[in-house]
Amino acid sequence: MRDQQVYLDYAAGAPLLPEVKTRMDEVGEGLVNGEYGNPSALYATGQRSRRLLDEARMQVALLIDAQPSEIIFTSGGTESNNTVIQAFQRQIIWTTPIEHPSILEPLRKFSRQKARFVSVDNEGRVSPKNFYRDPDPKYCPSLVSVMLANNEIGVIEPVREISMKCRSPKYKTLVHTDATQAIGKIPVDVNELKVDLLSFSAHKIGGPAGIGVLYVRKSAHVRPLLSGGDQERGRRAGTENLMLIAGLAKAAELARARLTEWDKVAGLRDQLRAEILREIPHVSCNSPKEGCLPNILNVSFEAIEGEAIQLMLDATGIAVSTGSACASSKLEPSHVIMAIRGDAEIAHGSVRFSLGLNTTESDIQKVMAVLPKIVAKLRDMSTLKAGEHDKES
Ligand code: PMP
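Those letters in the sequence shown? Residues 475 to 867, per this note's numbering, in order.
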């Protein structure tokens, strides 16, 4: 598979790591043989499952410097984010316009009138200056939710600085961060970040899809989204999925061990960026040069559609995405690129390249062998004219 395809869509999902599959197979075998019972059961096989859960919780807690009791297993980043937003419905929430739809959509549903969107600059960064504690507690937010890194452009947000300004037990303001893209790529430490709540998901770090984490600081309480069982100490009802949880724990252990390897990936990403800017006219980068995840590069190609580039790259065996995978079936321009560039044509022409630990220099060369020709061909066919926006670096 790797020989045929150049996979540059790790931000949508990293391939399952072989060590994770082995661990899930072991647990699957145990489930077939009846070695693992329902973790809520008091008999021996139930208790064996309980130990598996405890060990997994410990492994996941280590990745973010939390305590095991502060980890809630969920079905993924979407559920973790939805849980947080629904828990604060009809309360004042401050957030940013570039959050993932799993924050923005529940927010529209539950707290439309009470939401405040703190604007981002042209690199997608919010300024901690725009977060403050209103002297009148009536106007203080109950929740501040700012993603640690953006999924489309990779910009890293100043979450620690924001937490230091907003978090307040006195005013009962809690700070949440969606760390789904940041986890495993940059150090994520809940105490360093001073957050009360944090979401992430296993499939971005080589774990299985359908499992994720909501970290809830011991001092905080979040009303559950799913009720009807005492699992996860009453914070998320439903029988635990042992195979997925064991897979998540293995992926968390490996992510922690491999954190230092991302510098190499950043080097390849910078090489791709430099080559695109050198070889292709009328392009601009939507990912900041500094303060960006090591693996994401988002580029806008003037006068053509990102989707057309994606399809033509796919025909040559190269997988990239336009905007986030979750939004890629929509025709509206990406809300993230619109927020930073304010231009629908630029947003429609954007492509996200996202690299992983298996990306090689040869992958970058394969992209550069075809991309300039694809762009030139599409521009020849386009009714729009490239060159109306200045070339940026
Ligand atoms: N938040 C961010 C920043 C994401 O990138 C994603 C996945 N695209 C999610 C949340 C949702 O995660 P999941 O797919 O595990 O539900």
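A virtual CB, placed ideally from N, CA and C, is assigned to each residue, including glycine.
As the structure is a computational prediction, the values presented were derived from the model and not from experiment.
Using the three-state DSSP reduction, which class does Ile-627 fall into: helix, strand or coil?
For Ile-627, the three-state secondary structure derived from DSSP is coil.
In whole angstroms, what is the alpha-carbon distance linking Ala-726 and Arg-743?
24 Å
Ile-754 versus Tyr-484 - alpha carbon distance:
Going by the C-alpha atoms only, they are around 24 Å apart.
Is the closest heavy atom of the ligand PMP to the C-beta of Ser-675 under 6 Å?
yes
Looking at Asp-652 and the ligand PMP, is the gap between the Cβ and the nearest heavy atom below 6 Å?
yes
Does the count of Cβ pairs from the stretch 538-550 and the stretch 701-719 closer than 8 Å reach three?
In this structure the stretch 538-550 lies against the stretch 701-719, because at least three pairs of beta carbons, one per stretch, are closer than 8 Å.
What does the Cβ neighbour count give for Ser-867, buried or exposed, with the cut at 16 atoms within 10 Å?
Since pLDDT at Ser-867 reaches only 44, below the 50 mark, its modelled position is unreliable, and the value read off the structure follows with that caveat. Its Cβ having fewer than 16 others within 10 Å, Ser-867 is exposed.
Since Ala-589 is in the alpha helix (DSSP H), which residue starts that stretch and which ends it?
Taken as a continuous stretch (DSSP letters only), Ala-589 belongs to no alpha helix (DSSP H), being part of the beta strand (DSSP E) at 589-591.
Where the alpha helix (DSSP H) through Asp-854 begins and ends:
835-855
For the ligand SAH, any of its heavy atoms closer than 6 Å to the Cβ of Gln-655?
Within the structure as shown, the ligand SAH is missing, the only ligands being the ligand PMP.
For a minimum of 4 consecutive residues, which ranges assigned as the alpha helix (DSSP H) are wholly contained in the stretch 727-768?
736-753
Which residue from Ala-623, Pro-571, Phe-827 puts its Cα closest to that of Ile-660?
Ala-623
Out of Met-498, Gly-861, Thr-647, Leu-728, point me to the one whose CA is closest to Val-534's CA.
Leu-728
Would you call the stretch 635-649 and the stretch 668-681 in contact, with 3 or more CB pairs under 8 Å?
yes
Would the beta-carbon of Gly-780 fall within 7 Å of that of Thr-796?
yes
Report yes if the C-beta of Thr-552 is less than 6 Å from at least one heavy atom of the ligand PMP; otherwise report no.
yes
Bridge partners - Asn-772, DSSP secondary structure assignment:
Arg-826
Is it a yes or a no for the stretch 688-698 touching the stretch 554-564, going by three-plus beta-carbon pairs under 8 Å?
yes
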